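Notes follow once the structure below has been shown.
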Amino acid sequence: MHPDPTRSAPAGRAVDLHQPTPITPAAVIPAPLTPTQPQAVPTVASIVLPDGRIVTGYAVSALQPEPLAAKPPVSRTAVNLALGGVGFLAVCVGLLLLTTFITALTALITQLIILAAVIFGGWIAVQVFSTSSHKGGTTVHIRRAVFKRNHFRG
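Quick note, in the numbering used here, the sequence shown goes up one by one and the last residue is 288.
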């Protein structure tokens, strides 16, 4: 708002209108800024106070909050739950296969032990219950002996 040139200053006072000039500090290295495109050139506003003074400055607009990022169509929680379910399923299948393998290995070992017992037991039974006479070895004939006072007399 520029001062109205048709209005006059209060009696006895002269109005000096000054344009603000930016002050740049000397020997200060400016910080690197990211280049941004200005929204619009700010306008210079002047306000006449009730006592006749004029205050001139830039109009300050309210800060606009940053727009929120668009939400993905699927929430992260749902994705995490789905991935956790897939991992749990893979672990369960692996454990099932592991227990199946251990069960099969146990059954195989049990059958091998039983087979060895049957074969070895059959060989022993054949040796014990065979009707053929001994065709070798030593034959010992024991005659009647008399034991008298711990002395052997044959």
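Quick reminder that beta carbons are idealized off the backbone N, C-alpha and C, glycines included.
Computed from a prediction, not measured in an experiment: that's the story for all the values here.
Is the distance from the Cβ of residue i to the Cβ of residue j below 8 Å?
| i | j | result |
| --- | --- | --- |
| Gly191 | Ala204 | no |
| Leu183 | Val189 | yes |
What are the start and end residues of the alpha helix (DSSP H) that includes residue i?
| i | result |
| --- | --- |
| Ala203 | First-last for Ala203: undefined, no H or E at that position. |
| Ala241 | Arg210 to Phe263 |
Give the range of the beta strand (DSSP E) segment to which residue i is assigned.
| i | result |
| --- | --- |
| Ala179 | Val178 to Val182 |
Based on the DSSP secondary-structure assignment, which residues constitute the bridge partners of residue i?
| i | result |
| --- | --- |
| Thr190 | Ser180 |
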